[in-house]
Amino acid sequence: MTASLSTPRSEDSSSLPVEKRTIGVGLISVGWMGKLHSRAYRNLPTFYPELGISPRLVVAADTAPQAQDYAVNVLGFESAVADYREVLANPDVEVVSICAPNFLHAELGIAAAKAGKHIWIEKPVGRGAHETAAIREAVVEAGVASAIGFNYRQPPAIQYARELINDGKLGRITNIRGRFFGGFNSDPSFPLAWRFIREYAGSGVLGDLMGHLVDLTQYMLGPIGAITASTGTYITERPAMKGSPEEGKLLPVENEDYANMLVRFDDSALAAGALGSLEASWIALGPQAEYSIEIFGTEGSLRWNFERLNELEVAFRDENGAANYTRLFANPTFPEFARFQPSTGTSMGYDDLKIIEASKFLRSVTGETEVSSNIHDALASAQVLTAAEESAKSGQWVDTPVVPGNTSNVRKEA
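Structure follows, in structure tokens:
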């Protein structure tokens with residue numbers, strides 16, 4: 005169902021199934037994101053009772069003993085182990101959340117798929133398109149469901165904005181501007197963690213923030229067909245980690261902390277013919293989590309910023325031909341909102357987005373198609389990021405072929 009600006013909406017959870025399905029959950033890495041996945045699984049039945057899904061937290065893997073204790077005593081897993089292979093070998097585990105650092109994703113994702121486990125894996129799925137493609141191949145060959153941690157797709161304001169675009173409220177899309185700026189790595193005294201080392205992280209802000217922005221752009225408007233990009237590293241050295249052999253030394257940062265690109269949408273995209281500019285920085289002083297997108301069309305425009313995730317600004321021509329932005333607060337007419345809050349002005353938060361993500365993942369596990377972001381979307385984003393690195397070196401436009409099976413927003417006749 006799509007909504008106009010005034011369409012009321014209610015999330016119907018009154019008709020509950022007679023039988024519930026228990027789905028065994030395994031977790032790999034009990035860090036901040038692993039804890040977030042676990043909370044999403046635990047809270048799913050509260051917000052989506054009609055799905056009839058009861059996640060069972062079976063086993064978590066982490067090499068740190070204190071993390072294993074936390075998994076059992078706080079998160080509620082039945083057991084915890086040091087070796088992730090024990091999670092994959094457990095017959096009670098149907099789905100696995102992979103929340104480990106980037107350099108482990110290929111090993112873990114491929115192993116989980118070969119073990120027949122459905123995977124919910126954080127981004128970037130691989131260190132570049134080549135590694136992501138290898139994970140995709142394993143997932144496709146195994147026939148398992150997949151979901152990617154592209155959580156900025158999930159805010160009700162974004163989903164509502166996508167409906168406005170699909171309903172033609174903005175007319176023909178002409179251009180877009182996206183900016184994912186954060187300052188969480190802006191302190192030069194912050195040590196050289198794995199994120200700044202190419203062997204472990206691959207790219208820097210491209211994989212971390214630009215990957216999210218590329219996916220959000222394609223989810224809203226369709227596949228990006230070609231890009232040209234530039235990147236820069238402005239904090240070129242960081243102190244070695246405490247306790248490392250190089251402690252006391254300054255070591256080189258090996259990947260970029262700022263990136264920009266111009267994009268051209270593929271002919272199959274809903275926004276075919278549109279152009280755009282995308283920027284990402286993790287050293288920007290001032291922005292905390294200024295993850296924003298602006299979309300302009302012949303009949304209207306809209307803009308959204310994660311720092312105000314419960315708001316959406318829209319502009320349409322009035323009878324005099326003028327167009328001014330109007331701020332809409334997320335409310336029960338927006339997709340998913342009524343599940344979490346009863347009225348306008350009562351805000352949703354980041355954890356809620358992961359619950360929405362978990363619901364889509366588990367629905368795909370139970371057989372629903374085109375529900376969750378998937379491994380094809382991961383490759384579609386990774387292709388653009390790898391093309392950006394290539395373009396930054398050559399100074400040329402680089403084509404980014406469409407990945408079959410992705411869930412980006414395409415024209416109905418495409």
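In this text, residue positions in the sequence shown follow this note's numbering: the first is 5, and each later residue adds one.
Ideal Cβ placement from N, Cα and C applies to all residues, glycine included.
Just so you know, these numbers come straight off a predicted model, no measurement behind them.
- prompt: Hey, which unbroken runs of the beta strand (DSSP E) at 3 residues or more fall wholly within the region 15-97?
  reply: 25-32, 57-65 and 83-85
- prompt: For Asp-87, which residues from the same chain have a beta carbon less than 7 Å from its beta carbon, with the 5 sequence-adjacent residues on both sides left out?
  reply: Around Asp-87: Ala-65.
query: What are the uninterrupted segments assigned as beta strand (DSSP E) that are 3 or more residues long and contained completely in the region 162-243, given in chain order?
result: Taking 3 residues as the shortest admissible run, the region 162-243 contains the following complete beta strand (DSSP E) segments, listed from N- to C-terminal end: 177-185, 228-236 and 241-243.
query: Since Ser-398 and Leu-289 are thought to touch, with beta carbons under 8 Å apart, how far apart are those beta carbons, to the nearest angstrom?
result: At roughly 31 Å, the Cβ-Cβ gap does not stay under 8 Å, so Ser-398 and Leu-289 are not in contact.
field: Residue burial classification, Thr-302 (beta-carbon count within 10 angstroms, cutoff 16)
entry: exposed
- prompt: Can you tell me where the beta strand (DSSP E) with Ser-296 in it begins and where it stops?
  reply: 294-301
task: Look up Asn-309 in the DSSP assignment and give the residues it is bridged to.
output: According to DSSP, Asn-309 shares a beta bridge with Ser-296.
Beta-carbon proximity check, Val-76 vs Gly-28, cutoff 7 Å: no
field: Contact set for Pro-405: own chain, Cβ-Cβ below 6 Å, skip 5 residues either direction
entry: Taken in chain order, the list of residues that qualify is empty.
- request: Measure how close the beta-carbons of Leu-306 and Leu-168 come, nearest whole angstrom, since I'm counting them as under 8 Å.
  value: 7 Å
- prompt: Among all the DSSP beta bridges, which residues are the ones paired with Glu-283?
  reply: According to DSSP, residue pairing for Glu-283 in a beta bridge involves Arg-183 and Asn-264.
task: Go through its chain and collect everything with a Cβ distance to Ile-114's Cβ below 8 Å, but skip five positions before and after it.
output: Ala-138, Ile-139 and Ala-142
- request: Starting from the Cα of Ser-33, find the closest Cα among Arg-89, Gly-211 and Thr-370 and give me that residue.
  value: Arg-89
message: When you measure from the CB of Met-352 to every non-hydrogen atom of the ligand HEM, does any distance come out below 6 Å?
response: As far as ligands go, the structure on display features none, and thus does not contain the ligand HEM.
message: Please state the DSSP three-state secondary structure of Leu-274.
response: coil
field: Buried or exposed (CB count within 10 angstroms, at least 16 for buried), Ser-58
entry: Exposed, by the Cβ-count rule.
query: Is DSSP giving Gly-304 helix, strand or coil here?
result: Three-state result, Gly-304: strand.
message: Quick check: Val-144 and Ile-123, are their CB atoms within less than 7 Å of each other?
response: It is not a contact, given that the beta carbons lie outside the stated cut-off.
- prompt: So, using beta-carbon positions, are Asn-264 and Glu-283 closer together than 7 Å?
  reply: yes
field: Member of Ala-342, Asn-170 and Val-63 whose CA lies at the smallest distance from the CA of Gly-415
entry: The amino acid occupying residue 415 in the given sequence is Arg; Gly does not appear at that position. The candidate whose alpha carbon is nearest that of Arg-415 is Asn-170.
- prompt: Hey, Gly-349 and Phe-333: beta-carbon distance below 7 Å or not?
  reply: The criterion of a C-beta distance shorter than 7 Å is satisfied by Gly-349 and Phe-333.
field: Residue-chain proximity (Tyr-74, chain C), Cβ-Cβ < 7 Å
entry: Absence of chain C from the displayed structure is noted, only one protein chain being present.
message: Output needed for Leu-383: all residues of its chain with C-beta closer than 7 Å, excluding positions within five of it in sequence on either side, in chain order.
response: Ala-133, Thr-136, Ala-137, Arg-140 and Val-407
message: If I measure Cβ to Cβ from Leu-195 and keep anything under 8 Å in the same chain, skipping five residues before and after, which residues do I get?
response: Reading off the sequence shown, one finds Pro at residue 195, where the question assumed Leu. Excluding sequence neighbours, Pro-195 sits near Arg-242, Pro-243, Ala-244, Met-245 and Lys-246.
- request: In the DSSP assignment, find the unbroken alpha helix (DSSP H) run with Leu-389 in it and report its ends.
  value: 379-398
- prompt: If you check the beta carbons only, do Thr-237 and Asp-261 fall under 7 Å apart?
  reply: yes
- prompt: Exposed or buried, what is Asn-155 when buried is set at 16 or more other beta-carbons lying within 10 Å of its beta-carbon?
  reply: buried
- request: Go ahead and pull the three-state DSSP assignment for Ala-342.
  value: helix
query: Hey, Pro-160 and Phe-338: beta-carbon distance below 7 Å or not?
result: yes
field: Length of the line joining the Cα atoms of Ile-4 and Leu-92
entry: For the chain, the structure presents residues 5 to 418; residue 4 sits outside this window and is missing.
message: Please report the distance separating the alpha-carbon of Arg-181 from that of Gly-409.
response: 26 Å
message: With DSSP as the reference, identify every bridge partner of Thr-330, one or two as the case may be.
response: Val-318
field: Cutoff 6 Å; reference Asn-378; Cβ partners in own chain excluding five residues on either side
entry: Ser-150
- prompt: Can you give the Cα-Cα distance for Thr-178 and Ile-299, rounded to whole angstroms?
  reply: 8 Å
message: Which residues does DSSP list as the beta-bridge partners of Trp-124?
response: Ser-101 and Ala-151
- request: Could you name the residues that DSSP lists as bridge partners for Val-407?
  value: Its beta-bridge partners do not exist; DSSP assigns none.
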